[in-house]
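**Q** Have a look at the structure that comes next, please.
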Amino acid sequence: MMIKKVVLVILLIFLSGFSAGCWSHTESTEEAIVLGAGVDWTKEGLIRLTTQIASPDIYASAGGGGGIAGTNPASWVISAEGRTIIEAENYLAMKVPKDIYWGHCVILVIGEEMAKKGTGMVISFFTRDNEPRETLWFMVAKGEARDFLETYSVLTKTSAQAAGFLTRMKKGYSVQLKQFNEMLASKGVQPVATLVEVKEEGVIPNMAQQESPANKQVVISGTAVFKEDKLAGWLDEYYTRGVICLQGKTVKGAVCVLPSPGEPGKKVSITVRRENIKVTPFYDGENLSFDVNIRVEGNMVEQQSREDLAKPDKIKALEGEMEDEIKRTTTGTLEKAQSEFGEDIFGFGEVFHQKYKKEWRELKNRWDEQFSRANVNIVVKAHITDTGLLSKPVGFQGE
Amino acid sequence: MLEQGKIDSKQAVILMMNLVLPTALITIPAISVQYAAQDAWLSIIIATAAGLIIALLIVNLSLKFPGKTLFEYPEDILGKTMGKIIGFLYIWTFFLYIGSGVVAEFGYFLNITLMPDTPAVVFCIIVVALAGFAVRNGLEVLSRFSQVFLLVVALLVIIFLFSIKDMKLARVLPFFDAGLIPIVKGAFLPASWLGEIIILGVITPYLSKPGDAYRVGVISIVIDGSFIAVSTMVVLLILGPNNTGSCLYPTFMAVRAISIGNFLERLESVVIMLWILGGIAKVGLFYYAAVLGSAQCLGLKDYKPLVLPVGVIMVAIIALYFGTNVIETFHYISLAATPYVLVFPQFGIPLLLLIVAWLRGKRGRNIK
Chain P
491 MMIKKVVLVI LLIFLSGFSA GCWSHTESTE EAIVLGAGVD WTKEGLIRLT
541 TQIASPDIYA SAGGGGGIAG TNPASWVISA EGRTIIEAEN YLAMKVPKDI
591 YWGHCVILVI GEEMAKKGTG MVISFFTRDN EPRETLWFMV AKGEARDFLE
641 TYSVLTKTSA QAAGFLTRMK KGYSVQLKQF NEMLASKGVQ PVATLVEVKE
691 EGVIPNMAQQ ESPANKQVVI SGTAVFKEDK LAGWLDEYYT RGVICLQGKT
741 VKGAVCVLPS PGEPGKKVSI TVRRENIKVT PFYDGENLSF DVNIRVEGNM
791 VEQQSREDLA KPDKIKALEG EMEDEIKRTT TGTLEKAQSE FGEDIFGFGE
841 VFHQKYKKEW RELKNRWDEQ FSRANVNIVV KAHITDTGLL SKPVGFQGE
Chain L
432 MLEQGKIDSK QAVILMMNLV LPTALITIPA ISVQYAAQDA WLSIIIATAA
482 GLIIALLIVN LSLKFPGKTL FEYPEDILGK TMGKIIGFLY IWTFFLYIGS
532 GVVAEFGYFL NITLMPDTPA VVFCIIVVAL AGFAVRNGLE VLSRFSQVFL
582 LVVALLVIIF LFSIKDMKLA RVLPFFDAGL IPIVKGAFLP ASWLGEIIIL
632 GVITPYLSKP GDAYRVGVIS IVIDGSFIAV STMVVLLILG PNNTGSCLYP
682 TFMAVRAISI GNFLERLESV VIMLWILGGI AKVGLFYYAA VLGSAQCLGL
732 KDYKPLVLPV GVIMVAIIAL YFGTNVIETF HYISLAATPY VLVFPQFGIP
782 LLLLIVAWLR GKRGRNIK
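One line per chain: the protein sequences are P and L, in this order.
The working numbering applies: residue 491 is where the first sequence begins, and numbers increase by one.
The working numbering applies: residue 432 is where the second sequence begins, and numbers increase by one.
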């Protein structure tokens with residue numbers, strides 16, 4: 491009995507020694523953690539993979555001292571070329587002295603040329619491989635993705651995280667890889683993605699005298715519109731607002747600037763809190779039309795005029811103007827989609843599919859042209875819920 | 432009797448959940464969705480009905496011959512030679528065969544999702560060795576072990592609840608998009624999975640109250656069916672039919688995509704836990720049935736000496752039947768294994784036995 495127990499204990503110790511490790515084991519200090527990936531199409535017809543790799547020392551040191559570029563870099567950007575993403579990654583691995591780890595990749599940026607060539611060549615790896623997550627933010631860069639990743643962010647240390655935060659807060663149109671895949675796979679909607687670019691914005695005050703005052707910074711600048719998996723064009727911030735609204739999403743804190751009812755020269759700002767859209771398709775075998783009902787809720791947060799807006803009829807007037815404004819935006823976006831791009835980027839096809847199952851089977855392969863010819867009737871209902879902390883403007887003297 | 436242990440009906444239900452769910456939750460959505468798209472959950476409901484029929488069939492048959500297993504009563508019905516042939520048919524073409532399919536799936540899943548550098552066969556050997564250990568210790572140990580599974584299922588349900596904000600009802604609309612035929616096509620695979628309940632033919636004699644077998648069968652099938660339907664629905668709501676259809680393991684992908692409040696992420700470890708714990712018990716059950724059956728058919732006094740050889744065979748026939756990569760395995764399971772097990776071991780043979788028993792006037796004795 492005693493011997494048996496001793497043997498068992500020895501066996502257990504042996505086992506724990508062997509089973510702790512496994513084939514694919516790497517120490518976290520031996521990993522090069524990719525924060526952002528960029529893919530470009532080079533002039534030579536190769537795929538260039540650019541990775542922004544986190545430099546772990548920055549995150550390890552308490553207080554995050556070295557935030558200033560140059561002294562203690564937060565990240566390292568390196569790229570390699572290949573015929574496929576994996577081949578490029580292989581060449582990359584020859585330059586990176588650590589094991590490349592994709593699990594923490596926050597963003598995937600596609601360069602303009604690559605997007606025109608087709609995203610199909612890119613997204614396969616990022617969905618198929620088990621390391622990158624489908625929740626990474628997908629975006630298209632104006633110009634080259636490499637330039638985008640080579641920028642630096644003062645607040646979040648790396649530009650990949652900066653772009654990740656910007657999209658996560660949903661200030662513009664933001665889309666995750668899995669949502670992009672879903673749009674790509676559906677015949678009822680053409681994919682759209684965040685459009686980003688590099689701009690010289692912001693200064694670091696104490697360095698302003700010696701060095702260049704503004705540094706290159708990532709900014710969201712609109713929406714990239716795809717036809718199948720190829721980039722078709724883009725929409726600016728104004729129309730992006732329309733895309734978001736017509737897709738039934740809400741931008742947090744989107745603002746409507748309206749003329750003040752009594753003093754048209756001065757402006758009033760309204761923040762949109764909630765947005766609700768209902769799309770109803772009608773189809774009689776030939777003519778396709780849509781009724782779009784949008785309900786918006788917002789609150790008044792700013793006024794330039796001196797008039798007293800805290801009156802039911804003034805609020806009514808403001809609501810009317812808000813309705814017109816939103817209708818202008820959405821109609822403009824819709825016209826752009828129908829005439830300029832000639833495709834359904836709002837997912838109206840999916841709504842149609844839900845109502846007309848049989849007809850969809852015939853229409854789905856030529857949906858975009860059907861959609862372009864469709865009559866869309868937009869009705870907006872706006873509701874202003876409050877006027878901030880004030881009822882009357884500050885410095886209001888009465889009459 | 433070879434098996435001394437007894438299990439109560441609650442344990443039996445958990446055992447049956449463990450029999451179907453681990454692999455079903457993870458692989459069924461992929462294949463059913465390929466046929467029925469967003470209506471795959473309706474396929475599961477049809478499959479559940481089929482599963483109920485199979486369960487009632489086998490319980491009815493088992494209760495006619497109290498104290499005897501699926502490997503023994505064919506001899507009473509069809510005579511010694513035919514009975515032995517049926518018994519061996521069950522052992523070889525069902526318990527061993529499907530068991531090794533489960534082992535293969537188990538290995539490939541861990542290989543693909545977690546440790547790509549480790550050969551799948553390593554996982555296969557480990558799971559069979561662990562299951563073999565449980566099998567050696569008998570049915571009671573196996574059923575106690577499978578109770579752990581409940582905990583993991585509960586965890587999965589909690590994750591599903593948390594993921595509500597990632598779901599969109601529009602993804603499963605419209606209902607009945609492609610009509611009835613694709614839905615029925617999508618039902619075959621889950622039906623064969625639920626039909627694994629045929630193992631009740633082996634378990635029933637060891638229930639502390641064999642009369643409960645009907646209840647055990649019905650309750651287990653309903654629980655299993657609704658779990659599979661719910662998880663298919665959740666996967667569809669999170670990923671949508673197009674993405675689900677192109678995933679190898681959609682449930683895993685869906686859980687990966689869940690992010691709760693931007694900090695609770697990467698919950699797929701729960702799915703892996705479910706797979707490992709459930710997989711061991713599931714393999715164990717098939718393994719146990721194969722070992723017990725062999726001992727009963729060969730008229731041995733003890734089944735323990737058979738544990739090692741049967742385990743070796745189980746790993747060895749993976750390459751023989753299920754191909755050498757995951758594509759071949761899935762292809763084989765959905766195109767060859769499913770029709771065979773549904774038609775013969777799960778439905779045809781029990782029905783045949785029941786009819787012959789009825790014709791020969793071997794009505795069941797009363798069961799206390």
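For every residue, glycine included, the Cβ atom is placed at its ideal position computed from N, Cα and C.
Computed from a predicted structure; not experimentally measured.
Does the distance from the C-beta atom of L/A721 to that of L/V741 stay below 7 Å?
**A** Taking the first residue of the second sequence as 1, we reach residue 721 of chain L at position 290. Taking the first residue of the second sequence as 1, we reach residue 741 of chain L at position 310. Result yes, Cβ atoms of L/A721 and L/V741 sit closer than 7 Å.
**Q** P/A564 by DSSP, collapsed to three states: which one?
**A** The residue given as residue 564 of chain P occupies position 74 in the first sequence. P/A564 falls in the coil class under three-state DSSP.
**Q** In chain P, which residues lie with their C-beta within 9 Å of the C-beta of L/I543?
**A** Position 112 of the second sequence, counting from 1, holds the residue named residue 543 of chain L. By Cβ distance, chain P contributes N620.
**Q** Reducing DSSP to helix, strand and coil, say where P/C595 ends up.
**A** If you number the first sequence from 1, residue 595 of chain P lands on position 105. If DSSP states are grouped into helix, strand and coil, P/C595 belongs with coil.
**Q** Please identify, using Cβ separations under 7 Å, the residues of the region 447-474 of chain L that lie next to chain P, in order along the chain.
**A** Under the 7 Å Cβ criterion, the region 447-474 of chain L contributes no residue.
**Q** With a cut-off of 8 Å on the beta carbons, I'd call P/M629 and P/V686 a contact; round off their distance for me.
**A** Position 139 of the first sequence, counted from the start, is the residue given in the question as residue 629 of chain P. Position 196 of the first sequence, counted from the start, is the residue given in the question as residue 686 of chain P. Confirmed, Cβ separation roughly 5 Å.
**Q** Less than 7 Å between the beta carbons of P/A564 and P/T541, yes or no?
**A** For the purposes of this step, residue 564 of chain P is identified with residue 74 of the first sequence, where counting begins at 1. For the purposes of this step, residue 541 of chain P is identified with residue 51 of the first sequence, where counting begins at 1. Not closer than 7 Å, so no.
**Q** Is DSSP giving L/T675 helix, strand or coil here?
**A** As a working mapping, residue 675 of chain L is identified with position 244 in the second sequence. The answer is helix: DSSP assigns L/T675 an H, G or I state.
**Q** Work out the CA separation of P/E690 and L/V558 for me, nearest whole Å.
**A** Here residue 558 of chain L is taken as the residue at index 127 of the second sequence, counted from 1. Here residue 690 of chain P is taken as the residue at index 200 of the first sequence, counted from 1. If you take the alpha carbons of L/V558 and P/E690, they lie about 58 Å apart.
**Q** Count the other CB atoms within 10 Å of the CB of P/P802; is the residue buried (16 or more) or exposed (fewer)?
**A** Looking up residue 802 of chain P in the first sequence gives position 312. P/P802 should be labelled exposed.
**Q** 7 Å is my cut-off, CB to CB: does L/N568 come that close to chain P?
**A** Here residue 568 of chain L is taken as the residue at index 137 of the second sequence, counted from 1. Output row for L/N568: interface = no.
**Q** So is L/D643 in contact with chain P if we call contact Cβ pairs under 7 Å?
**A** Counted from its first residue, the second sequence places residue 643 of chain L at position 212. No, because no Cβ of chain P sits closer than 7 Å to the Cβ of L/D643.
**Q** Which partner residues of P/G528 appear in the DSSP bridge assignment?
**A** Numbered from its first residue, the first sequence carries residue 528 of chain P at position 38. Note: P/G528 sits in a beta bridge opposite P/T540, P/V599.
**Q** Since I believe P/I576 is in contact with P/F615 (beta carbons under 8 Å), could you give me their beta-carbon distance rounded to a whole number of angstroms?
**A** Counting from one through the first sequence, the residue named residue 615 of chain P turns up at place 125. Counting from one through the first sequence, the residue named residue 576 of chain P turns up at place 86. P/F615 to P/I576, Cβ: 6 Å. Contact.
**Q** From the DSSP output, in three-state form, read off P/E797 for me.
**A** Sequence index remark: in the first sequence, residue 797 of chain P carries index 307 (1-based). Looking at P/E797 - three-state DSSP - the assignment turns out to be coil, as it is neither helix nor strand.
**Q** List, from N- to C-terminal side, the alpha helix (DSSP H) runs of 4 residues or more that fit wholly inside the region 649-691 of chain P.
**A** The region 649-691 of chain P contains these whole alpha helix (DSSP H) runs: 649-658, 667-675.
**Q** For P/A544, which residues of its own chain have a beta-carbon under 6 Å away from its beta-carbon, when the five flanking residues on both sides are left out?
**A** The residue given as residue 544 of chain P occupies position 54 in the first sequence. Here the set comprises I523, L525, S565.
**Q** Taking only the alpha-carbon atoms, compute the straight-line gap between L/S639 and P/T625 and give it to the nearest angstrom.
**A** In the second sequence, the residue the question calls residue 639 of chain L occupies position 208. In the first sequence, the residue the question calls residue 625 of chain P occupies position 135. Going by the C-alpha atoms only, they are around 50 Å apart.
**Q** Can you tell me where the alpha helix (DSSP H) with P/L808 in it begins and where it stops?
**A** To locate residue 808 of chain P, count along the first sequence from 1; it is residue 318. Taken as a continuous stretch (DSSP letters only), the alpha helix (DSSP H) holding P/L808 covers 802-825.
**Q** Please go through the same chain and pick out, in chain order, the residues whose beta-carbon is closer than 7 Å to the beta-carbon of L/L698, but skip the five residues on each side of it.
**A** By 1-based counting over the second sequence, the position of residue 698 of chain L is 267. Once the five neighbours on either side are set aside, the close Cβ partners of L/L698 are I590, V686, I689.
**Q** I want to verify the contact list: residues of chain P whose CB lies under 9 Å from the CB of L/M684, in sequence order.
**A** The residue you call residue 684 of chain L lines up with position 253 of the second sequence. Within 9 Å Cβ-Cβ: T617, E624, K668.
**Q** Between which residues of its own chain and L/L527 is the CB-CB distance below 8 Å, once the five residues before and five after are set aside?
**A** On the second sequence, residue 527 of chain L is found 96 positions in, with the first residue counted as 1. Once the five neighbours on either side are set aside, the close Cβ partners of L/L527 are F717, A721, V741, I744, M745, I748.
**Q** Assign L/Q469 to buried or exposed, taking buried as 16 or more other Cβ atoms, counted over all protein chains shown, within 10 Å of its Cβ.
**A** As a working mapping, residue 469 of chain L is identified with position 38 in the second sequence. Result: buried.
**Q** Judging by CA-CA distance, which residue of L/T663, L/D548, L/S700, L/G676 is the nearest neighbour of L/A455?
**A** Locating residue 455 of chain L in the second sequence gives position 24, counting from the first residue. For L/A455, the nearest C-alpha among the options comes from L/T663.
**Q** Rounded to the nearest angstrom, what separates P/I784 and L/L667 at their Cα positions?
**A** Working through the first sequence from its first residue, we reach residue 784 of chain P at position 294. Working through the second sequence from its first residue, we reach residue 667 of chain L at position 236. So the two alpha carbons sit approximately 27 Å from each other.
**Q** According to DSSP, which residues form a beta bridge with P/C746?
**A** On the first sequence, residue 746 of chain P is found 256 positions in, with the first residue counted as 1. P/C746 is bridged to P/I760.
**Q** Counting C-beta neighbours from all protein chains within 10 Å, is the total for P/T770 16 or more, i.e. buried, or is it exposed?
**A** Within the first sequence, numbered from 1, the residue matching residue 770 of chain P stands at position 280. Under this definition P/T770 is an exposed residue.
**Q** Compare the C-beta of P/K847 against all C-beta atoms of chain L and say whether one is closer than 7 Å.
**A** Here residue 847 of chain P corresponds to residue number 357 of the first sequence, with the count starting at 1. It does: the Cβ of P/K847 has a partner Cβ on chain L nearer than 7 Å.
**Q** Closer than 8 Å between beta carbons: that is the criterion. Which residues of the region 659-684 of chain L meet it against chain P?
**A** Per Cβ criterion, the list reads L670, G671, N673, N674, S677, M684.
**Q** Anything in chain L within Cβ reach of P/H843, meaning under 7 Å, just list it in chain order.
**A** To locate residue 843 of chain P, count along the first sequence from 1; it is residue 353. Under the 7 Å cutoff, chain L gives P605.
**Q** One question on the structure: do P/G752 and P/E797 come within less than 7 Å of each other, judged by their Cβ atoms?
**A** As a working note, residue 752 of chain P is residue 262 in the first sequence. As a working note, residue 797 of chain P is residue 307 in the first sequence. Taking 7 Å as the Cβ cut-off, P/G752 and P/E797 qualify as a contacting pair.
**Q** What residues from the region 682-706 of chain L come within 9 Å of chain P, judged by C-beta to C-beta, listed N to C?
**A** Result list: M684, R687, A688, I689, S690, N693, E696, R697.
**Q** According to DSSP, simplified to helix, strand and coil, what is L/L527?
**A** If you number the second sequence from 1, residue 527 of chain L lands on position 96. It is helical.
**Q** In the region 552-566 of chain L, which residues sit with their C-beta less than 9 Å from some C-beta in chain P, listed in chain order?
**A** Result list: V553.
**Q** I think P/G610 touches P/W531, with their Cβ atoms under 8 Å apart; what is that distance to the nearest whole Å?
**A** Position 120 of the first sequence, counting from 1, holds the residue named residue 610 of chain P. Position 41 of the first sequence, counting from 1, holds the residue named residue 531 of chain P. Not really, about 12 Å apart at Cβ, beyond 8 Å.
**Q** Please report whether the beta-carbon of L/D597 lies at a distance below 7 Å from any beta-carbon of chain P.
**A** Within the second sequence, numbered from 1, the residue matching residue 597 of chain L stands at position 166. False, the Cβ-Cβ gap to chain P never drops below 7 Å.
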